[in-house]
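Before any comments, here is the structure.
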Amino acid sequence: MTLLAMTPVQDMHKPYPRRWSALVVLCLSLLIVVMANTSLLVAAPSMTLDLSLTSSDLQWVIDGYTVPYASLMLLCGVIGDRYSRRGALILGLIIFVAGSVAGALTDATLGVILARIVMGVAAAIVMPATLSLLVATFPKRERATAVTVWAATSGLAIAAGPLLAGWLLESFTWHSTFLINVPIALAAIVGAVVLVPPSRAVAPGAIDWIGGLLSVLAVSTIVYAIIEGMHFGWTVGPLYFALVGLLSVLGFVGWELRHPNPLLDVRMFSSRILSGAALAVLVFFLVTFGAIYFVAQYLQFALGYGPVSTGVHLLPLAGAVFVGSGITMWLTPKLGPRITVTAGMIVGTLSVVSLIGIDSAATYFDFLPVLTLLGLAIGLSVSPCTDAIMGEFPDSKLGVGGGLNDTALELGGSLGIAVLGSVLAASYRQGIESFLQTFPGKQPNGQYTGQAAEGLAASQDSLAGAVIVSDIIRDQNSFLGGFADNLEANAVAAFGDAVVHTSVVAAVVFGVGTVIVALLIPSKTVASTSSEKIAFEPIVPFVAPQAKNAAADREVAELEQLLERPSAPKPDKAGSKHTLRTVAEPALVDVELERPSIYQLASKVYELDASGTGAAAVAGKSGDRVTIHQLALSNLARTRRVEAEEALDAALELSDLPVAPAPKPAEPTAPLQTFYQRASTQHANCTAFKERSSSMWAMPL
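Numbers in the numbering used here are just positions in the sequence shown, counted from 1, shifted up by 18.
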């Protein structure tokens, strides 16, 4: 074994021996992609103060990563299949490092947004490559375990991102949060070269570039329209992008239906397991990301936890993800994907429902069951859905499967933050609006001063803004300390009410999605998919099922009797004729000339009936889909029936012939034959006899 992994997966004749080490590299790559999103939860306040970001600027900082990330994954997965999956992984990691370093070095709002866009493009290249490499490297019997570890890593990243970012913010500026991923990405690049084997699709065909461009246009415009429309109102801009997105979706579907090698064959969504699993991933992350979004805000601003403390208090979520992943790895093979996925979504719904009881007096222990149940739900549902989605795609389309899974994941997360975040913001503004009418800083003409207007807008925009404004008021004017305390208390109360209202919406979405997914996903994956043909599958020899077969038992008994007969003694060197006469026996042809007895005829009839019964039993067990084992059994039963019919016909013909006297044994002139030579000669004599006894010899010549 060489130091570098250079042998392609498709050229290996057995499972890759260092595949579990390669899985560590793939999980590290996934870790930095997810942490780039979650670390922003604790870095956003510091970034807002330092760069004086408006609400629109902050939204673009978030969306600059989300929009290209969600829209490019499907096309990048296909490109990785066509050229090199490992090459796509390494290239994406290099671009990710470049974007992270650029974000850490800039002090301009535009620079941060551009750096986030570069990181989003890199994430779109890395994410599907990790999943397609995983499926290509691991044999099917180990794939479910590997996918479970992969999915559990995303749960770890949800808690690790805020924790590491908070630890850096304790001593450094927000610039350091961009550098979290750099050492991990560099280690992943080295690990990819050393441990991850090259992989690409075999004969993938030409890339459907038009379908790829339509998919990018459709996802990007829809995501942008929903985010902008939910946050800033459905003005002309979001409506225009929504219309373009809808037309792009229709164009994509029409083009893919006509293309001979489509980017994504939309006909595959007729499969219940594929459509149900994709819908489950989308709905699950829509609610999960939205819930984590406002839970993290409550911990940081309502309960006053620092950045590091917020990350530490989110760790039960990651622990529960690993527990749920272990349960589903054991439970899914026994109960099927429908039960485990539905159970996970029910647990997730219950966790969101428990948020309805949150009020302004809530403590961390009120959120602990929510985080635990949510993590358990992620572990139960995500890995079976991912395994089901990847199982529907052949080896040449693994990148498409990974891109579809990751697009559903990121699209759900983006919509969750946008939709549930807008519901949260609208409810919060409605709750604090009456108190903000008493905001100080009005001029004699009734208008607010510039600083007061900014504080009022920030307090009305979010809980974080109200808490920051309260701290500024306390520092600048001690006489307004009471108002600052009241502002913070009212903001926390309004945010608590907003969490309740948003949780009701999330619970309804989760509940409806759970019912639809439960109806779509079949209880068992009855049909074997093309992904089961993945390389490295052990070839299991066909073993016929043990069954009572009288004809087979009789044949075995006759063979055993033949094997137990003593071999003929070899003649001495002088070739004694007396010895040869004693061992000479009648030929098989002479034995066949004897008239069959009634017992022999009855035996032939019994064999024919038994073979017919066996053929009918095999045919009755064959359903709409016939396996290779059923084909072998059917062919065996048909062969036995034909042989039994021929044997019975020959016996009936022989019973009508006169019995010929057995000729005297002739002394052999040739040396004594071996068992195999004698059997071959006797078989030839039997064949000649059958030809002579055929009815065609009775015809006049």
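Ideal Cβ placement from N, Cα and C applies to all residues, glycine included.
Asked: Arg290, buried or exposed, once every other Cβ within 10 Å from all chains shown has been counted against 16; Found: exposed
Asked: Assumed close pair Val214, Arg104 - CB separation to whole angstroms, cut-off 8 Å; Found: 5 Å
Asked: Euclidean distance between Cα positions of Ser629 and Gln700; Found: 27 Å
Asked: Neighbourhood of Ala133 by C-beta, 6 Å cutoff - its chain only, sequence neighbours within 5 removed; Found: Gly117, Ala120, Gly121
Asked: Residue from Ala320, Ser343, Gly255 with nearest C-alpha to Ser172; Found: Ser343
Asked: Residue interval of the alpha helix (DSSP H) (run including Ser343); Found: 333 to 353
Asked: contact_flag[the segment 142 to 150, the segment 292 to 301] where n(CB pairs < 8 Å) is 3 or more; Found: no
Asked: Proximity below 9 Å, CB of Ile50 to CB of Ile176; Found: no
Asked: Under 9 Å between C-beta atoms of Gly397 and Ala169; Found: yes
Asked: Short Cβ contact (9 Å threshold) for Ala437 with Tyr242; Found: Before going on, a small fix: residue 437 reads as Val here, not Ala. Going by C-beta atoms, Val437 is not nearer than 9 Å to Tyr242.
Asked: Contact set for Val267: own chain, Cβ-Cβ below 6 Å, skip 5 residues either direction; Found: Ala236
Asked: Beta-carbon spacing of Ala524, Val305 below 9 Å; Found: yes
Asked: Pairwise C-alpha distance: Gly354 and Leu128; Found: 49 Å
Asked: Alpha-carbon to alpha-carbon, Thr155 and Ala471; Found: 59 Å
Asked: C-beta contact flag for Leu389 and Pro334 at 9 Å; Found: yes
Asked: Inter-stretch contact at 8 Å, needing at least 3 Cβ pairs: the segment 445 to 455 / the segment 512 to 519; Found: yes
Asked: Bounding residues of the alpha helix (DSSP H) (the contiguous stretch that carries Asp424); Found: 416 to 433
Asked: Boundaries of the alpha helix (DSSP H) in which Leu123 is found, first to last residue; Found: 103 to 123
Asked: Supposed contact pair Ile113 and Ile135 - C-beta distance, whole angstroms, cut 8 Å; Found: Actually they are not in contact, since the Cβ atoms of Ile135 and Ile113 sit about 11 Å apart, beyond 8 Å.
Asked: Among Leu427, Leu257, Met408, Gly393, the one whose alpha carbon lies nearest that of Phe340; Found: Gly393
Asked: Close-in-space but distant-in-sequence residues of the same chain around Thr25 (CB under 7 Å, 5 per side omitted); Found: Pro215
Asked: Assigned secondary structure, Tyr382 (DSSP; H/G/I helix, E/B strand, else coil); Found: helix
Asked: Option nearest Arg37 by Cα separation, candidates Asn55, Val165, Met137, Leu58; Found: Val165
Asked: Stretch pair the segment 270 to 283 + the segment 492 to 508: three plus CB contacts closer than 8 Å; Found: no
Asked: Cβ-Cβ distance between Ala23 and Val211 below 9 Å; Found: yes
Asked: Gly514, enclosing alpha helix (DSSP H) - first and last residue; Found: 499 to 538
Asked: Leu131 vs Trp192 beta-carbon contact at 9 Å; Found: The sequence given here places Ile at residue 131; Leu does not occur at that position. No, the pair does not count as a contact, with Cβ atoms beyond the cut-off.
Asked: DSSP three-state assignment for Lys32, whether helix, strand or coil; Found: coil
Asked: Local Cβ density within 10 Å of Asn653, reported as buried at 16 or more and exposed below that; Found: exposed
Asked: Other residues of its chain near Ala61: CB distance less than 6 Å, five sequence neighbours each side excluded; Found: Ala183, Trp192, Thr195
Asked: Secondary structure of Tyr323, DSSP reduced to three states; Found: coil
Asked: 6 Å Cβ shell around Leu92 - same chain, five flanking residues per side excluded; Found: Ser233, Gly421, Thr425
Asked: Chain-order list of residues whose beta-carbon lies under 8 Å from that of Pro180 (same chain, five-residue window excluded); Found: Thr56, Ser57, Leu59, Val60, Ala314, Pro325, Thr328, Gly329, Leu332
Asked: Buried or exposed by the 16-neighbour rule on C-beta atoms within 10 Å, applied to Ala54; Found: buried
Asked: Leu386 vs Ala309 beta-carbon contact at 9 Å; Found: no
Asked: From Thr124, Pro458, Cys403, residue whose alpha carbon lies closest to that of Asn504; Found: Pro458
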